[in-house]
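Chemist:
Residue numbers (UniProt numbering): 1 to 185.
(1) Alpha carbon to alpha carbon, what distance is there between residue 26 and residue 104?
(2) To which residues of the same chain is residue 116 closer than 8 angstroms at the C-beta, ignoring the five residues directly before and after it?
(3) If residue 68 and residue 45 are in contact, beta carbons under 8 angstroms, what's the gap, nearest whole angstrom?
(4) Taking only the alpha-carbon atoms, compute the straight-line gap between residue 139 and residue 165 and give it to the nearest angstrom.
(5) Counting along the chain, where does the alpha helix (DSSP H) carrying residue 103 start and finish?
(6) Taking the straight line between their C-alpha atoms, what separation do you get for residue 13 and residue 182?
(7) On the DSSP bridge list, what partners appear for residue 113?
(8) Looking at C-alpha atoms only, which residue of 141, 148, 169 and 167 is the closest neighbour of residue 175?
(9) Quick check: the Cα distance between residue 77 and residue 63, rounded to an integer number of angstroms?
(10) Helix, strand or coil: which one does DSSP assign to residue 171?
(11) Taking all protein chains shown into account, decide if residue 158 is buried (16 or more other Cβ within 10 angstroms of its Cβ) or exposed.
(12) Between residue 5 and residue 30, which are expected to be in contact by the criterion C-beta below 8 angstroms, what is the C-beta distance as a whole number of angstroms?
(13) For chain D, check one thing: does any of its Cβ atoms lie closer than 8 angstroms to the Cβ of residue 159?
(14) Nearest-angstrom Cα distance between residue 123 and residue 16?
(15) Please report the straight-line C-alpha distance between residue 11 and residue 156, rounded to a whole angstrom.
(16) How big is the Cα-Cα spacing for residue 21 and residue 28?
(17) Looking at residue 153 and the ligand GTP, is the gap between the Cβ and the nearest heavy atom below 7 angstroms?
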């Protein structure tokens, strides 16, 4: 996650004193990206001294990352204001990420599940990550894609258009409603 975010940040100078975490060994493949994401204020760690570079990202953590990106990233979002828990039955107002969850829900960056739940402690799926990152980076979904890039993601999959947006080198047009459509190659 740090690598994907860092690659989409403008050139960011790593602040003096920024450390990746005591669990990020010298030479780690994502060391530079972790330092860049931390220095930009987009990501922190799992504690003050640990980053957990091989760990999973929870939905609550992704909400916090997305909210920070929207507030500090290259395209700051304006006018999204809805403090609280986003009206999810499984996110209390005192949950550490309640405001971030509400913020990204209000902005349409993340959504909950049936039964008005957010599942904040559930691991973020790869499909969810692609959809969130596309929204943060102002990309797609790619409508009109018919070629299946991944055999385990059929055209009927809920995130098909977002996954194809991220995986396909393509030209596109934008319709009057702002939706992206694949252009004839």
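For glycine and all other residues, C-beta sits at the position ideal for the given N, C-alpha and C. Predicted model, so just to flag it, every value in this text is computed and none were measured.
Modeler: Answer, in terms of the structure:
(1) 34 angstroms
(2) 87, 88 and 89
(3) Actually they are not in contact, since the Cβ atoms of residue 68 and residue 45 sit about 13 angstroms apart, beyond 8 angstroms.
(4) 7 angstroms
(5) 98 to 106
(6) 36 angstroms
(7) 117
(8) 141
(9) Legend: pLDDT at residue 77 = 46, less than 50; position of this residue unreliable, no value from coordinates given.
(10) coil
(11) exposed
(12) Contact doesn't hold; Cβ gap of about 11 angstroms is too wide.
(13) Within the model displayed, chain D is absent; a lone protein chain is all it includes.
(14) 32 angstroms
(15) 38 angstroms
(16) 11 angstroms
(17) For the structure depicted, the ligand GTP is absent and the ligand set is empty, with no information on it obtainable.
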